[in-house]
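Our numbering numbers the first residue of the sequence shown as 212 and each following residue consecutively.
Ideal Cβ positions, reconstructed from N, Cα and C, are used throughout, including at glycine.
Only a predicted model underlies this, so the values are computations on that prediction, with no experimental measurement involved.
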Amino acid sequence: MTPTLLLLPGDGIGPEVIEQARRVAEHLWPELAFETGLIGGASLDADGVPLSVDTLVRAKQSDAVLLGAVGGPAWANVERNLRPEMGLLQIRKGMDVFANLRPAYCFPALVDASSLKRDRIDGLDIMIVRELTSGVYFGEPRGIERGLGDKSFGFETSRYTAGEVKRVARIAFEIARGRRGKVSSTEKSNVMESGLFWRETVTALHQAEGEGVELHHILADACAMELVREPKQFDVILAGNLFGDLLSDAAAMLTGSIGMLPSASLSVEGAPGLYEPVHGSAPDIAGQGIANPCAAILSLEMALRWSMRRPDLADRLFAAVGRALEGGARTHDLGGDLGTVAVTDAILDCL
Ligand code: NAD
Ligand code: IPM
Ligand code: MN
């Protein structure tokens, strides 16, 4: 049976880049079945919620979900729990995609597009494994207490259970075994209880199940510094939800542009994965046809590899993106002047 890919284009440049990923998918695998749905501001406008029950049910029934981006100025004043970004958090939680893989890979053609010197990033290949369904993003209690003058406050809870740390660390170990075997686990164990617990739990898991993996611990602030000082020292970076978010945006710039960074969010074996570019809805360039489609197309590549068991097609697609970039297919964020469709055409020509 051919798998079903649920497309959730979302807002801003989301629909522009997902449409290009769909063209590529149709070309690569004509039998693939597509469904589409709404998320984020688009869903809020149509159904009054940023993620409907129907979309979540369909997501769980699909083989993989390819999501564009959510959010934008049109929904800036919407009540907090209806904001487009809540739709994203809800689908991640609802699909239980706890392991978010964000590969920072520098294509040879883009070595000079990075803000870092060539020798620092030539051959760069890092995998960030970010915990995606817990931590300070979801911890309870949280809230804002207003009306107390200077004593008013906002707060949340940074909380990780042993089970949550272990299941994502296990994935980081497994991925490292297929790469260079090194995991750098990052937290703020010097100031945070949840960070100290994270470190202890990862250390214990490594002693029990870490064969073939070299484990290092690095404080998250130092990790950010090392990422721009000597990025090639890293193989797999394991992080909680918040630090993984920050570190992956920083790592994005090593690859030339945030428009290059895909992601895969995985759940337990056999459950569908969620695939999305790391970038957002880019309201500043939406509607102009100039967004870089590579992050979305490479997210499709990750879906082929991790959910649809077609590493052959994934390899072909990855190589085609590399060749298209080699041939000068660049959007403005990479210093080029091609539009979204033209870059995709170049990738299709290389397939
Ligand atoms: P952003 O990633 O949307 O944009 C940051 C900068 O990068 C902008 O200058 C933008 O033009 C550029 N950029 C991003 N993607 C690009 C692409 N594919 N090609 C070329 N340039 C690109 O981040 P932001 O501006 O901080 O956030 C905008 C909105 O997106 C907010 O509402 C935010 O909450 C949301 N957001 C959503 C996601 C997501 O859906 N996964 C991720 C991040 C931000
Ligand atoms: C990301 C985004 C999201 C996050 C936001 C939009 C909820 O920044 O996917 O990196 O913080 O996880
Ligand atoms: Mn982010």
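Rounded separation between residue i and residue j - CA only
i	j	result
Asp265	Arg233	22 Å
Gln301	Leu262	7 Å
Gly392	Asp446	7 Å
Gly374	Asp495	40 Å
Glu342	Asp274	21 Å
Met338	Pro241	30 Å
Ile429	Glu437	10 Å
Val379	Ser518	17 Å
Val532	Leu559	9 Å
Ala224	Asn401	Looking at the sequence shown, residue 224 is not Ala but Ile. Taking the straight line joining both Cα atoms gives about 40 Å.
Gly491	Ala419	38 Å
Lys304	Gly423	31 Å
Leu299	Arg388	30 Å
Thr555	Val235	8 Å
Asn288	Asn452	25 Å
Gly248	Arg520	23 Å
Pro442	Leu335	7 Å
Arg534	Gly547	15 Å
Val276	Pro214	11 Å
Pro284	Ala497	11 Å
Val340	Pro314	8 Å
Gln444	Phe366	35 Å
Tyr348	Arg516	28 Å
Met212	Glu237	16 Å
Ser325	Pro504	18 Å
Ala557	Pro226	19 Å
Glu180	Pro522	This structure does not reach residue 180, given that the chain is present from 212 up to 562, and the question cannot be answered.
Met403	Pro352	17 Å
Asp160	Leu407	Nothing can be reported for residue 160, as the shown portion of the chain is limited to 212 through 562.
Trp286	Leu549	30 Å
Thr414	Ala553	48 Å
Ala253	Glu385	37 Å
Gly421	Ala257	48 Å
Residue j beta carbon less than 8 Å from that of residue i
i	j	result
Gly259	Gly221	no
Ser405	His427	no
Ala514	Leu449	no
Val281	Ala502	no
Val376	Thr412	yes
Phe309	Ser478	yes
Pro488	Leu465	no
Leu219	Leu255	no
Gly500	Leu321	no
Arg329	Asp323	yes
Phe318	Leu536	yes
Arg410	Glu398	yes
Gly354	Ser369	no
Phe454	Ala431	yes
Nearest-angstrom beta carbon gap, residue j and residue i [assumed within contact, 8 Å]
i	j	result
Ile216	Phe245	The residue you asked about is not Ile; residue 216 is Leu in the sequence shown. That belief holds up - the Cβ atoms of Leu216 and Phe245 are roughly 6 Å apart, short of 8 Å.
Ala270	Met297	At roughly 15 Å, the Cβ-Cβ gap does not stay under 8 Å, so Ala270 and Met297 are not in contact.
Tyr312	Ala530	According to the sequence provided, residue 312 is Leu. The question's Tyr does not apply to it. Not really, about 20 Å apart at Cβ, beyond 8 Å.
Thr551	Gln231	6 Å
Tyr371	Gly346	6 Å
Gly470	Ala525	Going by Cβ atoms, the distance from Gly470 to Ala525 rounds to 20 Å, so no, they are not a contact pair.
Leu243	Leu528	At roughly 13 Å, the Cβ-Cβ gap does not stay under 8 Å, so Leu243 and Leu528 are not in contact.
Leu416	Arg381	7 Å
Val439	Leu545	19 Å between Cβ atoms; not a contact.
Ala493	Leu457	Wrong, their Cβ atoms sit about 19 Å apart, outside the cutoff.
contact_flag[the segment 453-468, the segment 289-303] where n(CB pairs < 8 Å) is 3 or more: They do not touch, by the three-pair rule.
Cβ pair count under 8 Å reaching 3, the segment 484-493 against the segment 354-361: Because the criterion of three Cβ pairs below 8 Å is not met, the segment 484-493 and the segment 354-361 do not touch.
Whole beta strand (DSSP E) elements within the segment 355-436, 3-residue minimum: Within the segment 355-436, the runs of beta strand (DSSP E) that reach at least 3 residues and sit entirely inside it are, in chain order, 364-366, 393-398 and 425-430.
Entirely enclosed alpha helix (DSSP H) segments - the segment 243-276, minimum 4 residues: Counting only runs of 4+ residues, the alpha helix (DSSP H) found wholly inside the segment 243-276 occupies 252-258 and 264-272, in chain order.
Inter-stretch contact at 8 Å, needing at least 3 Cβ pairs: the segment 536-550 / the segment 509-528: Inter-segment contact for the segment 536-550 and the segment 509-528 is absent: fewer than three beta-carbon pairs are separated by less than 8 Å.
Length at least 4, wholly inside the segment 448-488: the alpha helix (DSSP H) runs in chain order: If we require 4 residues or more, the alpha helix (DSSP H) runs fully inside the segment 448-488 come out as 452-465.
Secondary structure, beta strand (DSSP E): runs of 3+ residues fully inside the segment 327-352: Correct list: 336-342.
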